[in-house]
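Novice:
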Amino acid sequence: IAFKPNTDDIRDSVSITLIKELLKNNAKVVAHDPMALENAKKIFKKKIQYTSSIKDALKNSDCGVVITDWKDYEKISKKDVANMKNKIIIDSRRMLKRIKSEVDYFAFGIGN
């Protein structure tokens, strides 16, 4: 949710724009961020679900989206992806290189 890793700053964050668009389309959003959840709660209140666990954020999800390049996201595991409904991850930071050969999933990579 934060606009960059190692901060709770959500100003001008692409995540905020994406969440607003998803909510307009009646999507259920489960958000994870190691530091910025409290700031997100100020904006979205109870409109979305918050979790401190990457595993819980992905569990039973249709799609996962990695927007901020937190080091924790490099630890997304084969088991985490296996627990998704649809194994679709939009990896805008190319964080999932490590599991690429281990997991049957579909990822869109954007950026470097």
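End of the sequence shown = 113 in our numbering, gap-free, step of one.
Backbone N, C-alpha and C define an ideal beta-carbon position, used for all residues, glycine too.
Predicted model only: the values in this text are computed from it and were never measured.
(1) Output the residue ranges of the beta strand (DSSP E) runs that lie fully inside the region 42-94 and measure 3 residues or longer, sorted by chain position.
(2) Taking the alpha-carbon of K79 as reference, which of K60, N26 and S16 has the nearest alpha-carbon?
(3) Short of 7 Å in beta carbon distance, which residues of its chain neighbour V14, apart from the five on each side in sequence? Order them along the chain.
(4) Helix, strand or coil for V31? Go by DSSP, reduced to three states.
(5) Mark A28 as exposed unless 16 or more other C-beta atoms lie within 10 angstroms of its C-beta, in which case mark it buried.
(6) Measure the Cβ-Cβ separation of Y74 and I55 and say whether it is below 9 Å.
(7) Let me check understanding here. Comparing Cα to Cα, which of D63, T69 and L24 lies closest to K48?
(8) Counting along the chain, where does the alpha helix (DSSP H) carrying L19 start and finish?
Specialist: Taking the coordinates as given:
(1) 50-52, 65-67 and 89-92
(2) K60
(3) One detail in the question is off: residue 14 reads as Ser in this sequence, not Val. Taken in chain order, the residues that qualify are I2, A3 and F4.
(4) strand
(5) Label assigned to A28: exposed.
(6) yes
(7) L24
(8) V15 to K25
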